[in-house]
Each structure stands twice: as structure tokens, then as C-alpha cells.
Amino acid sequence: MRKILLFGFILIFFLSCTKQKGVYEISGKVTDFNGAPIDSARIKLMNEKFETVYDTLSDKKGNYSMKVKEGNYYCLYAIKSRDYRVSKLEYWNWNVPIHQNMTINPQYDKMEIYGINVFEPQVSPQETYMIYFRPMSLYKSLQMVSEQKIEKKAFKEAKRTEELLNKSEKLINISPDSIAPDELKIEINGIKAKIVGINKITEYARGFLMYGYCVQVLKPEQNDKSRLEYDLISIMLNSIATGEIGKGEAFVKR
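Just so you know, we're using our numbering here: the sequence shown kicks off at -2 and counts up by one.
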């Protein structure tokens, strides 16, 4: 009988330890680009279907934290719900690898940096990254809403902007008309990368065309390169044309 009880206690202890293994914390601070904290921002961690797996809210100081299971997640985003499509657009971080405790500090304003994809050109040495992203301007979005006589409430609540558009209008033009190198700051693991090319691209999605940009950068020298499994790509755009600023990030496996 004692052996059975002892085995039961060992089994319970083992299952308890197993359950906690591989659980990590994502934490950080949500701010604007002046460093002011944003309270009540919702931070979501999502899967490839854009289903929310974990979520939380920032506190009065902009701080947040959440415990999540180890794994690779499709994206993390942050926005204060009442500001979305009214005075601000979202922050996105893509391909989030949770294999240790991680700090992610979202920043957002009126320019959204969406859909970041990163790859290495097939040419040696692999000294550059090609970075694709779609910048979306709140100013140009509201201008489009006005021109098409769309109610602002409907625009704010719509899951997808194209659902509200005149079907004869195939181009959703809400990106800056151009981006110069001095408007763009790209960092790799916190180190500024040199921009060697910027190309505007037309992207097809769900029956509509949108503009994106493909930027090629030189990888900066990093002393701790051998210890890093992923590179964190940070993009900050300060558009002269629209007077808006935005930030987006993505992880890419080496």
C-alpha cells in the first residue's frame, strides 16, 4: 500500500513538473514614439489562422506580461482598441520564437508596418537581407474612406478594409507614394543596417492590388552572432509625405 501511495505521489509530482516545463514569459512596455506609455493596449499572440492564442492588456505604465507555452507563433500585435483606425494603427511582430523568456516593446502611431517577410538572396556571401513590408497610412486610409463615402464607424469596425470598397476600385492606395533611405531606419538585433536598395512593388491580395516595398540591407557586424539563432529585424518608417511614423518587427531564423 505504501509503495502504491509513494508511486502516486511521484507520478503527481512528475506530471506537475512536466506541465510547467516549456512555459516562458513575454513581457515589455507599450509606448508611443516619444516614449510615453500606452495603457490598456491589447497585446495578442496569434497562430497562422490569426486566432488569438494568448492575450493581455498593458497597465497604466504601459507594462505587460504573459506566460505562454514554448513554440513558434505567427505574430504578436498591439493596439488600444478605442484608438484603432481613429487616431492610431497597429504594431506587428512576425514569426515570434518563444524558446526562452522574451522582451518585446511595441511602439505604434499612425503608420502601420504590416506583413514583414525576410529572406537572403541566393548569392554568396550571404551579406544582405531582402525585407518586404506593406506600409499603411492612417491619413491616406481616412482620405480613401472620405472619397468613397464610407462611414467612419464602419471603417473602424471592419475586419478588412476591402470589404467596404467599391468593387470597381481594384487599387487600395494607402501606402506612401515613395520612401527615401533617410525616412527609413532598419536595425538587426538593435544595430543599424545600411540600406542598399528600395523598390516599390504591387501586391495582389483577395482581388485587390496594394503597394508594398522591398528593401535590401547589408547585415551589420555582430560580436555575438554565433550565440544567436534568430535575427530580429526592426523597421521604423518616418514618412515625410504623410507626416506619420510607424514601426514593425519580425524574427528570421539564421
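Here a beta-carbon is modelled for each residue, glycine too, at the ideal position from N, C-alpha and C.
Quick check on this structure: which residue in the options has the alpha carbon closest to the alpha carbon of residue i?
i      : options                        : result
Ile192 : Ile147, Glu180, Arg203         : Glu180
Thr100 : Leu73, Asp106, Phe116, Val120  : Leu73
Pro94  : Val65, Arg82, Tyr105, Asp80    : Val65
Ile128 : Lys137, Phe116, Ser121         : Phe116
Lys149 : Val83, Glu67, Phe248           : Val83
Leu42  : Asn170, Gly68, Leu229, Pro34   : Gly68
Pro173 : Ile147, Glu226, Tyr136, Thr158 : Tyr136
Gly245 : Tyr105, Tyr71, Tyr208          : Tyr105
Asn98  : Asp80, Val120, Met63           : Met63
Thr125 : Ile237, Ile171, Ile230, Asn235 : Ile230
Pro34  : Ala75, Ile237, Ala247          : Ala75
Ala247 : Ala151, Gly112, Lys46          : Gly112
How many angstroms separate the CA atom of residue i from the CA atom of residue j?
i      : j      : result
Tyr61  : Lys26  : 6 Å
Ser143 : Leu54  : 32 Å
Ile232 : Asn114 : 12 Å
Asn196 : Ser175 : 9 Å
Lys250 : Leu168 : 33 Å
Thr239 : Tyr201 : 24 Å
Val50  : Lys182 : 31 Å
Phe10  : Asn92  : Only weak support is given to the placement of Phe10: the predicted model assigns it a pLDDT of 48, under 50, and the value that follows is read from those uncertain coordinates. Cα to Cα, Phe10 sits roughly 34 Å from Asn92.
Gly59  : Asp29  : 10 Å
Ala177 : Lys153 : 30 Å
Glu184 : Ala190 : 5 Å
Gln123 : Ile147 : 47 Å
Lys156 : Ser121 : 42 Å
Ile7   : Asp36  : The pLDDT assigned to Ile7 is 47, lower than 50, so where the model puts this residue is not dependable; a value taken from the coordinates is nonetheless given after this. So the two alpha carbons sit approximately 44 Å from each other.
Asp52  : Tyr81  : 17 Å
Are the Cβ atoms of residue i and residue j separated by less than 8 Å?
i      : j      : result
Gln145 : Leu162 : yes
Gly243 : Ile110 : yes
Gln213 : Ile188 : no
Leu86  : Met133 : yes
Asn186 : Leu225 : yes
Asn44  : Tyr88  : no
Thr199 : Tyr208 : yes
What does the Cβ neighbour count give for residue i, buried or exposed, with the cut at 16 atoms within 10 Å?
i      : result
Pro118 : exposed
Lys57  : exposed
Arg203 : exposed
Pro103 : buried
Gly32  : exposed
Ser78  : exposed
Glu241 : buried
Glu22  : exposed
Lys107 : buried
Gly19  : exposed
Tyr131 : Correcting the residue type first, residue 131 is Arg in the shown sequence and not Tyr. The residue is buried, with at least 16 neighbouring Cβ atoms inside 10 Å.
Ile171 : buried
For residue i, write down the residues that DSSP places opposite it in a beta bridge.
i      : result
Glu184 : Lys189, Ser231
Asn60  : Lys26
Glu109 : Met133
Glu241 : Ser236
Leu162 : Leu162 is not bridged to any residue.
Met99  : Ile23
Phe47  : Paired residue(s): none; Phe47 is not in a bridge.
Leu54  : Arg39
Can you check whether the C-beta of residue i is within less than 8 Å of a C-beta belonging to chain B?
i     : result
Thr28 : Included in the structure is just one protein chain, with no chain B present.
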